[in-house]
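Below: one structure, written as structure tokens.
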Amino acid sequence: MILYPAIDIRGGKAVRLLQGDYERETSYDADPVDAAKRWAEEGAEFLHVVDLDGAKAGEPQNLESVRRIAAAVDCPIQVGGGLRDPGSVGSVLDAGAERVVIGTAALRDPEFLAGMLEQYSYRVVVSVDARGGRVSLSGWTEATGRDVAETVADLSERGVERFLCTEIDVDGTMEGPAIGELSRIAAATEARVIASGGVGDLADLEALAEIDAPNIEGAIVGRALYERRFSVAEGIVALGG
Amino acid sequence: MSTRICILDYGMGNLRSVEKALEHVGATATIANDPETIRAAEGMILPGVGAFPRAMEGIRSLGLDQLIEERRAAGVPILGICLGLQLLFDSSTELGGAEGLGLLPGEVTELDAPGLKIPHIGWSPVRWERQSRLTDGIDSETPFYLVHSFAPQAEPGELLGTAAYGSRFACAAERDNVFGVQFHPEKSSAAGLRLLSNFAGICASVPA
């Protein structure tokens with residue numbers, strides 16, 4: 048499985064939020080490029096970059112940081128946060144992203160999603176964020192009543208090849224991923240699923256690797272890396288290489 | 008009809024990502040270890056993650072060593088990936104040592120990287136040491152993704168690519184239709200897909 052170190056950018060800095068709450072932020076690297084270089088040097092296969100300001104504003108706000116990260120590391124990056132129109136998606140790809148992560152707009156705007164899938168196919172990742180099995184939108188501020196597994200199944204039929212599934216309540220807590228929910232989601236689709244939220248130690252990664260679902264492709268790790276609970280290389284080994 | 012490539016399954020390694028990558032470049036990929044499927048394939052991929060001796064045990068217990076030799080002698084191309092590359096060589100010193108498939112001459116030894124962390128994990132620029140159908144269209148010094156502690160002592164005649172970690176090590180080799188890469192083309196973005204596409208092209212070019 049792939050370990051995706053997360054680099055969330057807010058106000059030009061690398062930060063972590065607790066449960067998606069902009070009021071509960073911990074700031075780590077003053078320059079996100081430093082974080083990118085550190086994770087790449089430790090052996091990261093892929094980096095996960097989130098433009099938190101962009102997620103809030105509804106369009107990219109940290110393109111320059113994305114450009115500098117892409118130029119600084121050999122490691123490919125996927126970028127999300129506020130990608131709600133073709134121009135924004137194009138600007139992030141132009142900045143050097145290998146993949147784009149589309150969230151809210153993929154669920155709200157089927158035509159936009161269809162267009163992006165047609166144009167960029169496997170370079171599109173759809174992020175589905177949930178609280179208690181129900182989908183949340185708009186930087187996690189808006190709850191819907193939709194079941195997350197049903198949503199993923201529906202989007203798979205529309206051609207999405209890779210999902211990023213975040214359990215909001217455990218995100219940033221380092222208290223362990225939502226294993227049961229991830230199993231349920233993975234079983235609902237043949238597309239690849241990247242698990243996000245809650246990883247605190249190597250045992251959490253081992254637990255993710257043990258889920259009996261071949262399509263769980265990897266895990267996002269944020270705070271646990273910044274807090275130096277383990278290195279990227281140790282995490283990759285725990286995920287089975 | 009698209010090229011049929013068999014991913015040899017001996018119980019070790021992430022076969023699904025290789026399968027997906029092959030499908031992406033238009034090949035028909037099958038994961039199998041039975042003689043019928045392997046004999047029907049136009050190309051073979053030998054994947055692998057883990058320890059050399061245990062991998063060879065798995066290969067021998069399934070009779071894959073003989074099938075691989077039979078198909079190789081018939082001209083069917085084979086591509087070893089990661090541990091699969093190492094298995095193509097004569098032997099390895101890993102965990103007390105073991106014999107390999109002997110399709111490429113030389114021994115597999117631990118990386119010579121004093122003061123650096125083992126395993127070597129990450130993206131490294133790979134330098135092509137000669138031209139090859141396998142690397143056609145991929146620039147020398149293109150980064151590929153590696154996770155390994157050992158590397159083969161390839162002979163100059165078979166050496167195709169090298170990378171640096173402490174010292175330079177062999178990370179790609181070829182002889183006739185036997186190819187191996189230490190890096191993971193299935194994890195290495197566009198360049199990796201190009202390499203797999205080149206391999207599928209090599210397989211398609213062999214007369215049945």
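Those protein sequence lines, which keep their order, are chains A and B. Count the first sequence with the numbering used here and you get residues 48 to 288, in order. Count the second sequence with the numbering used here and you get residues 8 to 215, in order. The C-beta atom is built at its ideal place from N, Cα and C for all residues, glycine as well.
Terminal residues of the beta strand (DSSP E) in which residue i lies
i, result
"Cys13 (chain B)", "11-15"
"Arg134 (chain B)", "127-135"
"Asp143 (chain B)", "It is not in any beta strand (DSSP E) - Asp143 (chain B) carries neither H nor E in the DSSP assignment."
"Tyr172 (chain B)", "166-172"
"Glu189 (chain A)", "189-194"
"Thr37 (chain B)", "35-39"
Under 7 angstroms from the C-beta of residue i: neighbouring residues of chain A
i, result
"Tyr152 (chain B)", "Glu92"
"Ile128 (chain B)", "Gly90, Ala280, Ile283"
"Arg23 (chain B)", "Pro261"
Close Cβ partners of residue i (< 7 angstroms) along its chain, the five nearest in sequence each way excluded
i, result
"Pro121 (chain B)", "Gly173"
"Ala77 (chain A)", "Lys60"
"Gly206 (chain A)", "Leu164"
"Arg193 (chain A)", "Arg181, Val182"
"Ala36 (chain B)", "Ile12, Ile14, Glu26, Leu29, Glu30"
"Ala82 (chain A)", "Ile54, Ala61, Tyr75, Asp76"
"Arg137 (chain B)", "Leu167"
"Ala190 (chain A)", "Arg178, Arg181, Ser183"
Short Cβ contact (8 angstroms threshold) for residue i with residue j
i, j, result
"Ala102 (chain A)", "Gly128 (chain A)", "yes"
"Val120 (chain A)", "Ala87 (chain A)", "yes"
"Gly107 (chain B)", "Ser98 (chain B)", "yes"
"Leu167 (chain B)", "Trp135 (chain B)", "yes"
"Arg131 (chain A)", "Ala144 (chain A)", "no"
"Gly265 (chain A)", "Leu50 (chain A)", "yes"
"Val83 (chain B)", "Met63 (chain B)", "no"
"Arg182 (chain B)", "Leu74 (chain B)", "no"
"Glu214 (chain A)", "Leu249 (chain A)", "no"
"Gln189 (chain B)", "Ala158 (chain B)", "yes"
"Glu26 (chain B)", "Ile45 (chain B)", "no"
"Gln125 (chain A)", "Phe93 (chain A)", "yes"
"Ser174 (chain A)", "Gly150 (chain A)", "yes"
"Arg276 (chain A)", "Ile241 (chain A)", "no"
"Ala225 (chain A)", "Asn262 (chain A)", "no"
"Asp251 (chain A)", "Gly223 (chain A)", "yes"
"Gly219 (chain A)", "Arg85 (chain A)", "no"
"Ser230 (chain A)", "Ile267 (chain A)", "no"
"Lys194 (chain B)", "Ser68 (chain B)", "no"
"Leu102 (chain B)", "Asn205 (chain B)", "no"
"Val185 (chain B)", "Ile85 (chain B)", "yes"
"Leu286 (chain A)", "Met48 (chain A)", "yes"
First through last residue of the alpha helix (DSSP H) which encompasses residue i
i, result
"Lys27 (chain B)", "22-31"
"Lys103 (chain A)", "99-104"
"Gln93 (chain B)", "90-94"
"Ile232 (chain A)", "226-234"
"Ser212 (chain B)", "196-212"
"Lys84 (chain A)", "79-88"
"Glu76 (chain B)", "71-80"
"Gly137 (chain A)", "133-141"
Selected residue, minimal CA-CA separation from residue i, among the options
i, options, result
"Ser278 (chain A)", "B:Lys124, B:Ala28, B:Gly57", "B:Lys124"
"Gly55 (chain B)", "B:Glu136, B:Ile209, B:Leu95", "B:Leu95"
"Val217 (chain A)", "A:Arg170, A:Ala177, A:Gly105, A:Met48", "A:Ala177"
"Ile283 (chain A)", "A:Glu89, A:Pro79, A:Ser203", "A:Glu89"
"Glu274 (chain A)", "A:Thr191, A:Ala234, A:Met48, A:Ser74", "A:Ser74"
"Glu148 (chain B)", "B:Arg175, B:Ala161, B:Ala158", "B:Arg175"
"Gly227 (chain A)", "A:Ala200, A:Val195, A:Gly206, A:Leu154", "A:Val195"
"Thr198 (chain A)", "A:Gly219, A:Thr236, A:Glu189", "A:Thr236"
"Glu165 (chain B)", "B:Ser139, B:Gly208, B:Val154", "B:Ser139"
"Asp146 (chain B)", "B:Ala197, B:Gly208, B:Gly57, B:Pro214", "B:Ala197"
"Gly100 (chain B)", "B:Pro60, B:Pro126, B:Ile209, B:Ile88", "Sequence check: residue 100 (chain B) is Thr here, not Gly. Taking only the C-alpha atoms, the option nearest Thr100 (chain B) is B:Pro60."
Cβ neighbours of residue i in the same chain (closer than 6 angstroms, five flanking residues each side left out)
i, result
"Pro2 (chain B)", "With chain B running from 8 to 215 in the structure shown, residue 2 (chain B) is simply not present."
"Met221 (chain A)", "Gly247, Arg270, Ala271"
"Ala170 (chain B)", "Ser131, Val133, Cys178"
"Gly109 (chain B)", "Asp97"
"Ala161 (chain B)", "Gly113, Ala177, Ala180"
"Gly33 (chain B)", "Ser9"
"Ala233 (chain A)", "Val240, Ala260, Asn262, Ile263"
"Gly105 (chain A)", "Gly129, Arg131"
Neighbouring residues, chain B, relative to residue i (Cβ below 7 angstroms)
i, result
"Pro123 (chain A)", "Ser196"
Contacts that residue i makes with chain B (C-beta to C-beta distance below 8 angstroms)
i, result
"Ala87 (chain A)", "Gly129, Trp130"
"Glu145 (chain A)", "Ser196"
Residues near residue i by beta carbon distance below 8 angstroms, same chain, minus five either side
i, result
"Ala80 (chain B)", "none"
"Asp41 (chain B)", "none"
"Asp156 (chain A)", "Arg131"
"Ile116 (chain A)", "Ile54, Pro79, Val80, Ala83, Leu94, Val96, Ile124, Gly143"
"Asp234 (chain B)", "Residue 234 (chain B) is absent from the model: chain B starts at 8 and stops at 215."
"Ala254 (chain A)", "Gly223, Pro224, Ile226"
CB contact below 8 angstroms: residue i versus chain E
i, result
"Pro159 (chain B)", "Of the protein chains in the structure, A and B, none is chain E."
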